[in-house]
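What follows is a short report on a single structure.
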Amino acid sequence: HMSVYLFRTLHPMPIVLKPDRPSLPREMLVTLLFSFLAFFVAYLALVRARYRYAEDRDRLATADAEGWQRG
208 HMSVYLFRTL HPMPIVLKPD RPSLPREMLV TLLFSFLAFF VAYLALVRAR
258 YRYAEDRDRL ATADAEGWQR G
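Every position in the sequence shown, counted from 1, becomes a number in the numbering used here once 207 is added.
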């Protein structure tokens, strides 16, 4: 981030993470934040589904092992 200020000829100036205030149009900023939120919610849903799958798999393996022990 500092390279933007140190080497102004090589990098464009910040638009979204500007220290003063974002110069990105409000509509684009809202869209960016909404997209980030939607991605985050989808990520959490996938992680939650993965943990549920792992718990179900472990529960099934335990029940199967108990079934083999009973004979």
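For each residue, glycine too, the CB sits at the ideal point set by N, CA and C.
Cutoff 8 Å; reference residue i; Cβ partners in own chain excluding five residues on either side
| i | result |
| --- | --- |
| MET220 | VAL211 |
| LEU217 | SER210 |
Nearest-angstrom Cβ-Cβ length linking residue i and residue j, presumed shorter than 8 Å
| i | j | result |
| --- | --- | --- |
| VAL223 | LEU213 | Contact flag wrong, Cβ pair sits at about 19 Å. |
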